[in-house]
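Residue numbers (the working numbering), protein chains in the order written: chain A, 209 to 415; chain B, 209 to 415.
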DNA sequence: CTATTTAATTGAACGACGTTCAGTTAGTCC
DNA sequence: GGACTAACTGAACGTCGTTCAATTAAATAG
């Protein structure tokens, strides 16, 4: 079969990403194959290679959409100025998304690129945007001339929360603790904020 | 070719795991295939299925060995009774192992089991052993009747440190911060311990 | 309106993957 | 020495991502 005009290139692109998303949500990221996506949209596998470099590229685009959605949910939360409250709200929204779309979140973080491949800039920027929300929530704890420390703290907190979510999602938490990820995250935020309050310049062990 | 007696079943098992480890260390876990392992030990792929249920099983055994090694390194550290110092030492050893064997660590954490599969008990026990070391380092911060809170804190700290290591290993940290994982981990431990000191019963936000 | 060019789409093919299994053969036992 | 057992292999199956010549519809030109 030759050229068809059922859908424009853009439509096809959207359909493909949507189909991929559907497969991942329904059956997990191990079930995502080029042939299945092609079947789902009624085209052949080869056609997808007109739209994407390869499956990796397609996944990155899909993940980009997930990042956007995540950012939308988080940025919809209006700040109160109280870091404890704001972080708790951000956390709530984040965990709610994770629970609503566990397989999408999985694809976002558990999928690692083949060796040597770098993430595209637009992708990194979106991550940075989400980090910005965390920084903003932490702002009241830092004077303006300590922006760098705020950056550092936000990134450490982000990575830490990610660890909890990641292990939880992989089913590696339930086996060693009865705490829910939510409880763990709250405990972390609580301890973290308390720790921040007391030491603005942390005392590292000597040596 | 029929039965050979070049190696006993145990020898073969060891050779296989060693070969798999070699491949992972040298070329990353994406390069680990049954056929390559078989080639490396001079047997055919089918033979491996006499020793392991499948590749998943083999990987779990390999990861079990990695956990053992990790535990050995960490348990070799004698405690001083000062949580800050002890945690820093544990952290140092942990990160040193991660840097020495990045691909092994990768396989340990980034490899997730197929849907519905549960980790075997002996595996979970080894993870719990490592967690025990963390708990021990945290001990001075908790009275004996607060063992449960200590458990919780240890697990939260562990998950948090894991998040830092995990993102760092995946190359997802360098793109958003200039901090080294070591610095981030130290900052976390510092803030965490300070936070623990002040609030033994954390104040969670209401509602 | 027809001829030519262009671009989208396909199906078959490639090599590699995990896994299975009938067939072969070396060791073991009587 | 013959029967039995268990290790080992090679070929095969179905799947994967990816490529590409061939086909055909749309776009353009005359």
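Glycine included, each C-beta is placed from N, C-alpha and C at the ideal position. Model, not experiment: these values are computed from the prediction.
Ignore the nearest five residues each way along the sequence and tell me which others in residue i's own chain have a CB closer than 7 Å to its CB.
i, result
"residue 345 of chain A", "287, 291, 294, 295 and 298"
"residue 414 of chain A", "Unreliable placement is indicated for residue 414 of chain A, whose pLDDT of 47 sits below 50; the coordinate value is still reported in the next sentence. Same-chain partners within the cutoff: there are none."
"residue 283 of chain B", "341"
"residue 363 of chain A", "339"
"residue 301 of chain B", "281, 282 and 285"
"residue 387 of chain B", "none"
"residue 246 of chain B", "252, 253, 255 and 256"
Judging by CA-CA distance, which residue of the options is the nearest neighbour of residue i?
i, options, result
"residue 285 of chain B", "B:383, B:342 and B:378", "B:342"
"residue 334 of chain A", "A:280, A:257, A:361 and A:262", "A:280"
"residue 234 of chain B", "B:381, B:362, B:336 and B:309", "B:309"
"residue 314 of chain B", "B:332, B:267 and B:215", "B:267"
"residue 326 of chain B", "A:383, A:337 and A:276", "A:383"
"residue 264 of chain B", "B:321, B:365 and B:275", "B:321"
"residue 357 of chain B", "B:377, B:404 and B:379", "B:404"
"residue 328 of chain A", "A:269, A:238, A:349 and A:301", "A:269"
"residue 217 of chain B", "B:251, B:323 and B:277", "B:251"
"residue 378 of chain B", "A:324, A:230, A:306 and A:248", "A:324"
"residue 223 of chain A", "A:211, A:212 and A:256", "A:256"
"residue 289 of chain B", "B:337, B:352 and B:347", "B:347"
If the cut is a Cβ gap below 9 Å, which residues of chain A does residue i touch?
i, result
"residue 252 of chain B", "Simply none; closest approach about 27 Å."
Would residue i pass as a contact of residue j if the rule is Cβ separation under 8 Å?
i, j, result
"residue 339 of chain A", "residue 370 of chain B", "no"
"residue 390 of chain B", "residue 259 of chain B", "no"
"residue 272 of chain A", "residue 331 of chain A", "yes"
"residue 360 of chain B", "residue 381 of chain A", "no"
"residue 240 of chain B", "residue 232 of chain B", "yes"
"residue 248 of chain A", "residue 227 of chain A", "yes"
"residue 368 of chain B", "residue 213 of chain A", "no"
Give the interface partners of residue i over in chain B, defined as CB-CB distance under 7 Å, in chain order.
i, result
"residue 383 of chain A", "327 and 332"
"residue 320 of chain A", "318 and 378"
"residue 344 of chain A", "By Cβ distance, chain B contributes nothing, its closest Cβ being about 15 Å from residue 344 of chain A, past 7 Å."
"residue 336 of chain A", "384"
"residue 396 of chain A", "364 and 368"
Excluding five sequence neighbours on each side, which residues of the same chain lie with their C-beta closer than 6 Å to the C-beta of residue i?
i, result
"residue 411 of chain B", "Since pLDDT at residue 411 of chain B reaches only 47, below the 50 mark, its modelled position is unreliable, and no value is offered."
"residue 372 of chain A", "389, 392 and 393"
"residue 316 of chain B", "271 and 274"
"residue 349 of chain A", "291 and 404"
"residue 337 of chain B", "279"
By Cβ distance, which residues of its chain are closer than 8 Å to residue i, with the 5 residues on each side in sequence left out?
i, result
"residue 199 of chain B", "With chain B represented from 209 up to 415, any question about residue 199 of chain B goes unanswered, as that position is not in the structure."
"residue 385 of chain B", "392"
"residue 355 of chain B", "none"
"residue 305 of chain A", "277, 278, 281 and 313"
"residue 261 of chain B", "none"
"residue 209 of chain B", "none"
Taking residue i as the query, report the chain A residues whose CB atoms sit under 8 Å from its CB, ordered along the chain.
i, result
"residue 238 of chain B", "322 and 323"
"residue 287 of chain B", "Chain A residues near residue 287 of chain B: none, gap ~14 Å exceeds 8 Å."
"residue 339 of chain B", "384"
Please compile the residues from chain B whose C-beta is within a distance smaller than 9 Å of the C-beta of residue i.
i, result
"residue 404 of chain A", "399, 402 and 403"
Cβ closer than 8 Å: which chain B residues qualify as neighbours of residue i?
i, result
"residue 392 of chain A", "360, 363, 364 and 367"
"residue 370 of chain A", "371, 374 and 375"
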